[in-house]
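Enquirer:
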Amino acid sequence: MALKEYDVIIVGGGITGAATVRDCALRGLSALLIERGDICDGASGRNHGLLHSGARYAVTDREGAEECIKENRILRRIASNCVEQTEGLFISLPEDGLDYQANFIKKCREAGIDAEAIDPAEALRMEPAINPRIIGAVKVPDASVDPFRLVDAHILDAQRHGADILKFTAVTELVKEGGRVVGVKTQKGDVIRAREVVLAAGIWTAGLAREAGVNIGMMPSKGALIIFGHRVAKMVINRCRKPANADILVPGDVVSVLGTTSDKVPIETCDDMHATPEEVELLLREGEQLVPCLAQTRIIRAYAGVRPLVVADPAGDGRNVSRGIVLLDHEERDGVPGLITITGGKLTTARLMAEMATDLICKKLGSSAKCETAVKPLPGSEGRKPRFKDPFNMRAAIGRHGNEVSQMDFKTGGEILCECESVTRAEIEYAVKNFGVRNISDLRRHTRIGMGTCQGSFCIKKIADVLADILKVPADELVKEYRQERWKGMTPVMWGDTLREAEYMQKTNKDEI
Amino acid sequence: MRFDVVIIGGGWAGCSAAEKLVEAGRKVCIVSEGLSLSAVKYDSPYARLAALQKQGAVVLRGDRAVCGKIEDGKVVEVRTRNQDEPLVADEYILATGKFFSRGLLSDKDHVWEPVFGADVDYDPDRTKWYDPDFDAPQPFMKFGVKTDAEGHVLVEGRAIVNLTAVGDIRND
Numbered sequence: 001m002a003l004k005e006y007d008v009i010i011v012g013g014g015i016t017g018a019a020t021v022r023d024c025a026l027r028g029l030s031a032l033l034i035e036r037g038d039i040c041d042g043a044s045g046r047n048h049g050l051l052h053s054g055a056r057y058a059v060t061d062r063e064g065a066e067e068c069i070k071e072n073r074i075l076r077r078i079a080s081n082c083v084e085q086t087e088g089l090f091i092s093l094p095e096d097g098l099d100y101q102a103n104f105i106k107k108c109r110e111a112g113i114d115a116e117a118i119d120p121a122e123a124l125r126m127e128p129a130i131n132p133r134i135i136g137a138v139k140v141p142d143a144s145v146d147p148f149r150l151v152d153a154h155i156l157d158a159q160r161h162g163a164d165i166l167k168f169t170a171v172t173e174l175v176k177e178g179g180r181v182v183g184v185k186t187q188k189g190d191v192i193r194a195r196e197v198v199l200a201a202g203i204w205t206a207g208l209a210r211e212a213g214v215n216i217g218m219m220p221s222k223g224a225l226i227i228f229g230h231r232v233a234k235m236v237i238n239r240c241r242k243p244a245n246a247d248i249l250v251p252g253d254v255v256s257v258l259g260t261t262s263d264k265v266p267i268e269t270c271d272d273m274h275a276t277p278e279e280v281e282l283l284l285r286e287g288e289q290l291v292p293c294l295a296q297t298r299i300i301r302a303y304a305g306v307r308p309l310v311v312a313d314p315a316g317d318g319r320n321v322s323r324g325i326v327l328l329d330h331e332e333r334d335g336v337p338g339l340i341t342i343t344g345g346k347l348t349t350a351r352l353m354a355e356m357a358t359d360l361i362c363k364k365l366g367s368s369a370k371c372e373t374a375v376k377p378l379p380g381s382e383g384r385k386p387r388f389k390d391p392f393n394m395r396a397a398i399g400r401h402g403n404e405v406s407q408m409d410f411k412t413g414g415e416i417l418c419e420c421e422s423v424t425r426a427e428i429e430y431a432v433k434n435f436g437v438r439n440i441s442d443l444r445r446h447t448r449i450g451m452g453t454c455q456g457s458f459c460i461k462k463i464a465d466v467l468a469d470i471l472k473v474p475a476d477e478l479v480k481e482y483r484q485e486r487w488k489g490m491t492p493v494m495w496g497d498t499l500r501e502a503e504y505m506q507k508t509n510k511d512e513i
Numbered sequence: 514m515r516f517d518v519v520i521i522g523g524g525w526a527g528c529s530a531a532e533k534l535v536e537a538g539r540k541v542c543i544v545s546e547g548l549s550l551s552a553v554k555y556d557s558p559y560a561r562l563a564a565l566q567k568q569g570a571v572v573l574r575g576d577r578a579v580c581g582k583i584e585d586g587k588v589v590e591v592r593t594r595n596q597d598e599p600l601v602a603d604e605y606i607l608a609t610g611k612f613f614s615r616g617l618l619s620d621k622d623h624v625w626e627p628v629f630g631a632d633v634d635y636d637p638d639r640t641k642w643y644d645p646d647f648d649a650p651q652p653f654m655k656f657g658v659k660t661d662a663e664g665h666v667l668v669e670g671r672a673i674v675n676l677t678a679v680g681d682i683r684n685d
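Chains as they are written, first to last, in the working numbering: chain A, 1 to 513; chain B, 514 to 685.
1. My output table needs one value for residue 525(B): the three-state DSSP class, helix, strand or coil.
2. Does the count of Cβ pairs from the segment 484 to 501 of chain A and the segment 446 to 457 of chain A closer than 8 Å reach three?
3. Can you name, in chain order, every residue of its own chain whose Cβ lies under 6 Å from the Cβ of residue 573(B), other than the five neighbours on each side?
4. Give every residue of the same chain whose Cβ lies closer than 6 Å to the Cβ of residue 17(A), excluding the five residues on either side of it in the sequence, and list them in chain order.
5. I believe residue 674(B) touches residue 587(B) by the beta-carbon criterion, under 8 Å. Please report the beta-carbon distance rounded to the nearest angstrom.
6. In this structure, how does DSSP classify residue 647(B) when only helix, strand and coil are distinguished?
7. Helix, strand or coil for residue 612(B), going by three-state DSSP, please let me know.
8. How is residue 144(A) classed by DSSP in three states: helix, strand or coil?
9. Say whether chain B places a C-beta atom closer than 7 Å to the C-beta of residue 258(A).
10. Can residue 82(A) and residue 7(A) be called in contact, C-beta distance under 7 Å?
11. Closest by CA to residue 341(A), which one among 348(A), 224(A), 97(A) and 358(A)?
12. Is residue 531(A) buried or exposed, if buried means 16 or more other CB atoms sit within 10 Å of its CB?
13. With contact counted as at least three CB pairs below 8 Å, one residue from each stretch, are the segment 519 to 531 of chain B and the segment 498 to 506 of chain A in contact?
14. Check the Cβ-Cβ distances between residue 507(A) and every residue of chain B, and say whether any is below 7 Å.
15. Quick check on residue 432(A): does DSSP put it in helix, strand or coil?
16. I need the straight-line Cα distance from residue 467(A) to residue 428(A), nearest angstrom please.
17. Would you list the residues sitting across from residue 665(B) in a DSSP beta bridge?
18. Assuming residue 548(B) contacts residue 615(B) under a Cβ cut-off of 8 Å, what Cβ separation, rounded to an integer in Å, is found between them?
19. Can you say whether residue 103(A) is buried or exposed, counting buried as having 16 or more other CB atoms within 10 angstroms of its CB?
20. Cα-Cα, which of 384(A), 95(A) and 164(A) is closest to residue 239(A)?
21. So, with DSSP's three-state summary, where would you put residue 331(A)?
22. Considering only residues of the same chain and omitting the five flanking positions on each side of residue 447(A), which have a CB-CB separation below 7 Å?
23. Under the DSSP definition of a beta bridge, which residues are partnered with residue 625(B)?
24. Would you give the residue range spanned by the alpha helix (DSSP H) that residue 64(A) belongs to?
25. Are residue 270(A) and residue 232(A) close, meaning C-beta to C-beta below 7 Å?
26. Give a yes or no on whether 7 Å exceeds the smallest Cβ distance from residue 611(B) to chain A.
27. Taking 7 Å as the CB-CB limit, is residue 651(B) close to chain A?
28. From the DSSP output, in three-state form, read off residue 558(B) for me.
29. Looking at the C-beta of residue 495(A), does it have a partner C-beta in chain C at a distance below 7 Å?
30. Would you call the segment 362 to 379 of chain A and the segment 23 to 31 of chain A touching, i.e. three or more CB-CB distances under 8 Å?
31. Distance check for residue 333(A) and residue 97(A), CA to CA, integer angstroms please.
32. Under DSSP, the beta strand (DSSP E) around residue 252(A) begins and ends at which residues?
33. At which residues does the beta strand (DSSP E) containing residue 418(A) begin and terminate?
34. So is residue 184(A) buried or exposed if we call it buried at 16+ other beta carbons inside 10 Å?
35. Using alpha carbons as the reference points, say which of 523(B), 519(B), 685(B) and 517(B) lies closest to residue 609(B).
36. If you follow the alpha helix (DSSP H) that residue 356(A) is part of, which residue opens it and which one closes it?
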C-alpha cells in the first residue's frame, strides 16, 4: 500500500501532539498525527484540568511561572470555550505561617502574575467551604480548563487545515535510513515516511526514542486524583506553601477534582494507571485541610496519570525535577537527523511547546511560516458564543462545544441520552463523525457522556443501544467495556455513597435482585 | 402506636412478609423509606404497599426507622424520623436491604446496621470489599447482618428473639 509522504509525523495524541499538529497545519506543512489509542488517552486526560496562573511555580521556578501566565492569558482568548474563568485562591493555614505568603506574593509579581492578598474574612465570604482556620489568602488568575475539549479543539482545527489524524494505531518503530529517521512503522506493518518525525508521546517517548538509538532520561511521576460529585468551591483552591500532596482543588463542570500525589513509578506500570486505596487516604487527609466538607462530599471516582518528567538525576520524588519544557533536536544532540522530541511541560504550556517544536521543524524544512496559534481562536471559541436563548436540550451542548453546535443536528438528535451531563444524540453523532470512537469510553472523552454523578448507571444501556446502532457492534459488549472502566475508578473509593452506587450498578447490570 | 408486627423496609422482602401476616389477620405496620431496589427486577413495590394499606396495614411512606430499643434480648420499641410516638409490637422484621436502601451504612473502615446496631458480617480490610473485575462476584454484595438458625438478628453476639431479618439485609 503506497502511503503519502508527509512533511512531519507527530507521534502522540495528547495535548502536546495535538497542539503541534495544529501548529504545523496552520503553517502549511503536511502533517500526520499518529496515536496508539484515543485522543487524550494518557496524561492529557488524567489531570486536574487546571489552567495554571503560574503562581504555584513562582517561588521555585520563575521561568515556568512566566510561561504559565503568558499561556494562561492566551488560552483564555483562543480557547474561551474550554476555559472557565474561575480565578484561584492560595490559602495559608496556621501551620503554613505567613512568611511563605509574603515571599509568594513578591515572586508572583516578579513573574508578572497578579497576586492580591485578601483578608481571611473576605476570603471566607467568597468561598465559605474553605478551612475556617485560614490566616491568609491570595487571589491569583488560575482557571479551570476542560482538557478533553481543549485537545479535541486542536485536533479539529488541525484536520480543517489539512492534517491527517490516525488513531488506534501504535508506532512500533522509527524507520532509519543511513542514520536518518525517515518515518515510522505502524503495528499494521505500514511504513509512513516523513521529512521530520516528532515524538510527543509523553512518558512513552523514551521507549520509542531508545529504539532509534537515542537515550532520553525520563522519570514517570504518578499523580493520583479524586473527583467529588459536587462543586464545593467556585474558585481553584490552593495551599499557600511549598508544593505538596493534595493541595489543589479545581472546580470543573459540575464536579471538583482534588489532587495530586507525586510518586516515582516503574515505567512498566504506566500503561495501567489507577489510584490506590493508600493514595486515596492521603488525598482525603490533606484535602480536608483545604476544604473540610470534602469529608462528607460524595466521591465519584479516583484516577491517576503520569507526568513525563525529564531528568538528569533519576533519584528523588519527582517534585523537584524540572517540569519545564524539553525540546530535543536529536540531530544536534545525538547525531540522529530527522527526529525531534518535545516533552515535559504542562497542559497550560502545551501551545508554547508546540510553537517551539514547530519553529524547529520549520527551520529543518526551510520554511519561514510564522506561528499563528497564539492569536487564532480554536474551533468552538471563534466569534461570539451563542446566547442561551436556545432550547433547553442545546444549552449544555453550547457550553461544551460553543459555536460547533452549528455542526450538530438537534432537529433529529435532540433527545437527551445522558441526563447527568445533558448529552444529546446529536452530540454523539457529531463525536462519532469527527473523532471516530470504538466504544463508550472513547465517546465519553468527546462528549462527557457517563461522566456525571451517575457514572452511566442510569443511561448506559440507552447510550449503548444508540452507539451500537451507529457502529454496528453488539450493545452488550459496549456496556461491558464501560462498566469495567468505571469500576476501576470506583473501587479505590468504594464506601459510603460510592458503595451505594456500586450496589446499584451491580444489580442493574445483572438485572436481578 | 401498637401493632402485632412492625416491618422495617417496604421493598420486595418487606412486602412479601407483610402480605403473609396481613392474610393471617395480624395488625402490621410497614416503615417504607422508598429506597428499594426491588423495581430493578420486580414490579415497583408501591402497588403492593397500596394493596396492603387497603387490607388494613399501616404504611409509613417516606419514613425511616432511626433507632430500635432493645431490653433483655428483645426489641421493645422502634423510633422513626417522622412519628412522635415510638412503634411498639410483639414482633419486628428487619427488611431494609443493603447499601443502596441504607439498610447498611459504611465509611472507609466500617460497615454497620443503623437501626439496631446489629452484628454485621464484613471484612475489616476495605480492599477486600470488591473484586477489580466488575463481572466477578462482589464480596460486598454478601455483607449483611448475622442471624441465628431461626433468622433472629444478632446484636453483640446475642440473638434478639423478636427481631427477624429477611431479604438482602441478611449476610447470605
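By construction, the Cβ of each residue, glycine as well, lies at the ideal position given by its N, Cα and C atoms. Please read all numbers here as calculations on a predicted model, not as lab measurements.
Expert: On the basis of the supplied data:
1. Here residue 525(B) carries a helix assignment [DSSP, helix/strand/coil].
2. Yes, the segment 484 to 501 of chain A is in contact with the segment 446 to 457 of chain A.
3. Contacts found: 544.
4. Apart from the 5 residues on each side of it in sequence, residue 17(A) sits with its Cβ closer than 6 Å to the Cβ of 10, 33 and 200 in its chain, given in chain order.
5. That belief holds up - the Cβ atoms of residue 674(B) and residue 587(B) are roughly 6 Å apart, short of 8 Å.
6. For residue 647(B), the three-state secondary structure derived from DSSP is coil.
7. Coil, per DSSP.
8. Of the three classes helix, strand and coil, the one that applies to residue 144(A) here is strand, per DSSP.
9. Not a single C-beta of chain B is nearer than 7 Å to the C-beta of residue 258(A).
10. The answer is no: Cβ separation not under 7 Å.
11. Comparing C-alpha distances from residue 341(A) to each of 348(A), 224(A), 97(A) and 358(A) shows the shortest one belongs to 358(A).
12. Nothing about residue 531(A) can be read from this structure; chain A reaches only from 1 to 513.
13. With a cut-off of 8 Å, the segment 498 to 506 of chain A and the segment 519 to 531 of chain B do not count as touching, because too few Cβ pairs lie within range.
14. True, the Cβ-Cβ gap to chain B drops below 7 Å.
15. Correct three-state label for residue 432(A): helix.
16. Those two C-alpha atoms are separated by around 8 Å.
17. DSSP lists 677(B) as the bridge partner or partners of residue 665(B).
18. The Cβ separation is near 6 Å, so the contact holds.
19. Around the beta carbon of residue 103(A), fewer than 16 other beta carbons lie within 10 angstroms, which makes this residue exposed.
20. With distances taken between Cα atoms, residue 239(A) lies closest to 95(A).
21. Of the three classes helix, strand and coil, the one that applies to residue 331(A) here is helix, per DSSP.
22. If we look at residue 447(A) and ignore the five residues flanking it on each side, its Cβ neighbours are 423, 427, 428 and 431.
23. The partner list for residue 625(B) (beta bridge, DSSP) reads 618(B).
24. Counting along the chain, the unbroken alpha helix (DSSP H) around residue 64(A) starts and ends at 62 to 78.
25. Not in contact: residue 270(A) and residue 232(A) (Cβ atoms no closer than 7 Å).
26. By this cut-off, residue 611(B) is an interface position.
27. True, the Cβ-Cβ gap to chain A drops below 7 Å.
28. In the structure shown, residue 558(B) sits in coil (DSSP, three-state: anything other than H, G, I, E or B).
29. The chain labelled as chain C is not found among the protein chains of the depicted structure, namely A and B.
30. With three or more CB-CB distances shorter than 8 Å, the segment 362 to 379 of chain A counts as touching the segment 23 to 31 of chain A.
31. C-alpha separation (whole angstroms): 45 Å.
32. Run containing residue 252(A): 248 to 252, per the beta strand (DSSP E) assignment.
33. 416 to 418 is the span of the beta strand (DSSP E), which, as asked, contains residue 418(A).
34. Buried, by the Cβ-count rule.
35. Taking residue 609(B) as reference, the option from 523(B), 519(B), 685(B) and 517(B) with the minimal CA-CA separation is 523(B).
36. Its alpha helix (DSSP H) spans residues 350 to 365.
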